[in-house]
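> Here you go, one structure.
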Amino acid sequence: MRFDILTIFPDFFSSPLAEGMIRRAVQDGLVLIQTHNIRDYATDKHAMTDDRPFGGGEGMVMKPEPLAAAVEQARGSGVDARVVLLTPQGRTLDQQLAEELAGEEQLILVCGRYEGVDERFRAAYVDLEVSIGDYILTGGEPAALVLLDSVIRLLPGVLGCGDSAENDTFSRGSRGGLKYPQYTRPRIFAGREVPEVLLSGDHAAIERWRFLAAVRRTISRRPELVAAMEFTPAERKLLRENDISLPPAGNGGE
Ligand code: ADE
0 MRFDILTIFP DFFSSPLAEG MIRRAVQDGL VLIQTHNIRD YATDKHAMTD
50 DRPFGGGEGM VMKPEPLAAA VEQARGSGVD ARVVLLTPQG RTLDQQLAEE
100 LAGEEQLILV CGRYEGVDER FRAAYVDLEV SIGDYILTGG EPAALVLLDS
150 VIRLLPGVLG CGDSAENDTF SRGSRGGLKY PQYTRPRIFA GREVPEVLLS
200 GDHAAIERWR FLAAVRRTIS RRPELVAAME FTPAERKLLR ENDISLPPAG
250 NGGE
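If you're matching positions, the sequence shown starts at 0 in numbering that gives the first Met the number 0 and goes up one per residue.
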């Protein structure tokens, strides 16, 4: 998969892309990531990428021509790239959107700055606007990095064997809910013991415990997620036997 990042701060990405799983994915040729300095596409002699808003008002607006030229360059002549603008006004990034984007061949990530980008660039070039949450960042760069990270770890071959994105919190294996709590050595820490069942070697019992712990955790921390979780009749019985009651609406499993 190929990512092209359009930014006025290309150095912002140097260190994060050179670490850990992303670096390995790049080295292994699973992803190609290129940053493009929007300033290089400015046409005036001062290399301006922003200007004052028509109609007056605060701040600066990113000019459309350098952004458009950078998109054209990033697009190249190859595949049909999806152009994504990072903006607090966009669709909120969640696991489902990350999975959807992981199916693309090329993403062009446009990092907005200042008070926003010229509306005509947005209308003519942007396929999808993405926000990483209801708060305002200094620019789209941290958001692009978050999107990149969440998508890259889903690509085939990126997670080491033994790891799997299937059972992540929010993923299908967790039915869109939270994941169960995890424990490792030592058996006792700060006076607290590892739940006995996890030491039992009884895989069916462990799976049952994890299922119940994950549902309990989702109900207590993110009750709004529970309505969309689907359970088999056997799982519903298990929940009832353990005094876990689900909200009545939206449990589409039956
Ligand atoms: N730019 C500024 N704030 C943002 C946010 N929350 N998500 C995406 N891009 C942004």
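By construction, the Cβ of each residue, glycine as well, lies at the ideal position given by its N, Cα and C atoms.
At a cut-off of 8 Å, is Tyr124 close to the ligand ADE when judged by its beta-carbon and the heavy atoms of the ligand?
As a working mapping, residue 124 is identified with position 125 in the sequence shown. Tyr124 Cβ: outside cutoff for every heavy atom of the ligand ADE.
> Could you check if Thr137 belongs to the surroundings of the ligand ADE, using beta carbon to heavy atom distance under 8 Å?
Within the sequence shown, numbered from 1, the residue matching residue 137 stands at position 138. Yes, Cβ of Thr137 sits closer than 8 Å to a heavy atom of the ligand ADE.
> How close, in whole Å, do the beta carbons of Arg112 and Ile7 come, if the pair is a contact with beta carbons under 8 Å?
Looking up residue 112 in the sequence shown gives position 113. Looking up residue 7 in the sequence shown gives position 8. The Cβ separation is near 6 Å, so the contact holds.
> Pro246 to Arg235, Cα distance in whole Å?
Mapped onto the sequence shown, residue 246 falls at position 247. Mapped onto the sequence shown, residue 235 falls at position 236. If I take the Cα positions, the gap works out to 12 Å.
> By alpha-carbon positions, which one of Glu71, Arg90, Thr34 and Asp79 ends up nearest to Glu103?
Stepping through the sequence shown from its first residue, residue 103 is reached at position 104. Out of Glu71, Arg90, Thr34 and Asp79, Asp79 has the C-alpha closest to the C-alpha of Glu103.
> If we call anything under 9 Å between Cβ atoms a contact, is Leu224 one with Gly176?
As a first step, residue 224 must be located in the sequence shown, where it is residue number 225. As a first step, residue 176 must be located in the sequence shown, where it is residue number 177. Going by C-beta atoms, Leu224 is nearer than 9 Å to Gly176.
> Runs of 4 residues minimum, wholly inside the stretch 30–64: which ones carry the alpha helix (DSSP H) assignment?
List check, alpha helix (DSSP H) in window: nothing returned.
> Between the alpha carbons of Glu99 and Glu229, how many angstroms are there, rounded?
As a first step, residue 99 must be located in the sequence shown, where it is residue number 100. As a first step, residue 229 must be located in the sequence shown, where it is residue number 230. Their backbone Cα atoms lie some 20 Å apart in a straight line.
> I want to know whether the stretch 133–146 touches the stretch 182–202 - three or more CB-CB distances under 8 Å.
No: fewer than three Cβ pairs fall under 8 Å.
> Pull up the CB-CB distance for Thr42 and Glu64, whole angstroms please, since I reckon it's below 8 Å.
Locating residue 42 in the sequence shown gives position 43, counting from the first residue. Locating residue 64 in the sequence shown gives position 65, counting from the first residue. Their Cβ separation, rounded to whole angstroms, is 6 Å, which keeps Thr42 and Glu64 in contact under 8 Å.
> Is the beta carbon of Arg239 sitting closer than 9 Å to the one on Lys178?
For this step, residue 239 is matched to residue 240 along the sequence shown. For this step, residue 178 is matched to residue 179 along the sequence shown. Contact flag unset, no.
> Any heavy atom of the ligand ADE closer than 8 Å to the CB of Ala97?
What you label residue 97 is simply residue 98 of the sequence shown in a count that begins at 1. The answer is no for Ala97.
> Quick one: grab the DSSP three-state call for Thr6.
Position 7 of the sequence shown holds residue 6. The answer is strand: DSSP assigns Thr6 an E or B state.
> With a CB to CB cut of under 8 Å and the five nearest residues on each side skipped, what residues in its chain are close to Arg90?
Counting from one through the sequence shown, the residue named residue 90 turns up at place 91. Hits under 8 Å: Leu96, Leu127, Glu128, Val129 and Ser130.
> In angstroms with no decimal places, state the Cα-to-Cα distance between Glu195 and Arg186.
Locating residue 195 in the sequence shown gives position 196, where the first residue counts as 1. Locating residue 186 in the sequence shown gives position 187, where the first residue counts as 1. Near 10 Å, if we compare the C-alpha coordinates of Arg186 and Glu195.
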